[in-house]
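Read the structure below first, then the notes.
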Amino acid sequence: MDLKKIERISKALGDPYRLKIMEAINKEQTWLQCSTILEMFNLAQSTVSHHLKQLSDADLLITEKDGRNTKYIVNKDVFSSYIDYLNSFKE
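Going from the sequence shown to my numbering is simple: count from 1 and add 204.
Below you can see the structure in the form of structure tokens.
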């Protein structure tokens, strides 16, 4: 994993709402609809969309269109690589 990708992931995870969104999606164990995510937070739709875009652009979320809706799932491979990078500091 290159440093640019590490930086993008770190910035994406640097917001408390994005962390909460990641936790909510991760708890599901399957795809989570954007509309469901919207209902979980007291935020404007555009704000939630911005947060989801940041997480998707960092490859932390896998996005799939489902008709007019979008659904999300955590990208476990990218997350594992990021965790491996962080763990390299404790050795």
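Heads up, the beta-carbon is just placed ideally off N, CA and C, and yes, glycines get one too. Predicted, not measured: the structure shown is a model, and the values here were computed from it.
8 Å contact criterion, which Arg212 and Leu259 should meet: CB distance rounded | 10 Å between Cβ atoms; not a contact.
Check whether the region 285-292 touches the region 235-247, taking contact to mean three or more Cβ pairs, one atom from each stretch, closer than 8 Å.
-> Taking 8 Å as the limit for Cβ pairs, the verdict is that the region 235-247 does not touch the region 285-292.
Can the beta-carbon of Gln249 be found closer than 7 Å to that of Leu256?
-> For the 7 Å CB-CB criterion, Gln249 and Leu256 do not form a contact.
Hey, Asn246 and Ile266: beta-carbon distance below 7 Å or not?
-> For Asn246 and Ile266, no; Cβs fall outside 7 Å.
What do you reckon, are the CB atoms on Met205 and Tyr289 nearer than 7 Å?
-> Yes, these two residues count as a Cβ contact at 7 Å.
Limits of the unbroken beta strand (DSSP E) element including Glu268 = Element bounds for Glu268: Leu265 to Asp270.
In whole angstroms, what is the alpha-carbon distance linking Lys294 and Asp281?
-> Straight across, the Cα-Cα distance linking Lys294 with Asp281 is about 21 Å.
Let me know if Leu264 comes out buried or exposed under the rule of 16 or more other beta-carbons within 10 Å of its beta-carbon.
-> Residue environment: Leu264 is assigned as buried (16 or more neighbouring CB atoms within 10 Å of its CB, all protein chains considered).
Whole-angstrom distance between Asn273 and Ser239, CA atom to CA atom | If you take the alpha carbons of Ser239 and Asn273, they lie about 8 Å apart.
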